[in-house]
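Residue numbers (my numbering): 12 to 113.
For glycine and all other residues, C-beta sits at the position ideal for the given N, C-alpha and C.
Remarks on the structure that follows.
Put into structure tokens, the structure is as follows:
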């Protein structure tokens with residue numbers, strides 16, 4: 012499964028807008044993969060495929076994702092807390108969202 016994940020890296024957020032970041036990230040991931048997984052066997056590196064998607068609107072993707080999630084969840088009361096709930100319970104109100112995974 013892990014090799015498949017390397018083919019689907021998507022950059023998002025404003026800090027990914029630095030010039031040259033996608034190519035630098037690809038170069039560094041390949042180098043780490045060569046050292047840690049392939050144990051410096053350069054011939055096997057040709058089979059390693061990586062794809063980094065850098066959509067032009069990626070600086071706004073985090074906000075867009077949050078907006079889409081809010082739209083999907085807007086009618087599900089269990090996913091929301093009121094200001095009153097927060098003021099009365101503080102951070103304990105988050106327990107209604109379920110157990111925290113660590």
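{"Check": "Could you pull out every residue in the same chain whose Cβ sits closer than 8 angstroms to the Cβ of residue 113, ignoring the five residues on either side in sequence?", "Outcome": "For residue 113, the predicted model reports a pLDDT of 47, less than 50, meaning its position is unreliable; a value from the coordinates is still stated below. Hits under 8 angstroms: none found."}
{"Check": "Kindly indicate which three-state DSSP category residue 63 falls into: helix, strand or coil?", "Outcome": "strand"}
{"Check": "Going by C-alpha to C-alpha distance, which of 97, 29 and 66 sits closest to residue 20?", "Outcome": "66"}
{"Check": "For a test of the three-state rule: what should DSSP assign to residue 48, helix, strand or coil?", "Outcome": "coil"}
{"Check": "With residue 51 and residue 45 assumed to form a contact (beta carbons below 8 angstroms), what rounded beta-carbon distance in angstroms separates them?", "Outcome": "6 angstroms"}
{"Check": "Measure from the alpha carbon of residue 15 to the alpha carbon of each residue in 99, 87 and 62, then state which is nearest.", "Outcome": "62"}
{"Check": "Just how far apart, CA to CA, sit residue 29 and residue 75?", "Outcome": "20 angstroms"}
{"Check": "Buried or exposed: where does residue 47 fall if 16 or more other Cβ atoms within 10 Å of its Cβ makes it buried?", "Outcome": "exposed"}
{"Check": "Report yes if the CB atom of residue 70 is closer than 8 angstroms to the CB atom of residue 59, and no otherwise.", "Outcome": "no"}
{"Check": "Tell me which same chain residues have a C-beta within less than 8 angstroms of the C-beta of residue 90, skipping the five on either side of it?", "Outcome": "84 and 108"}
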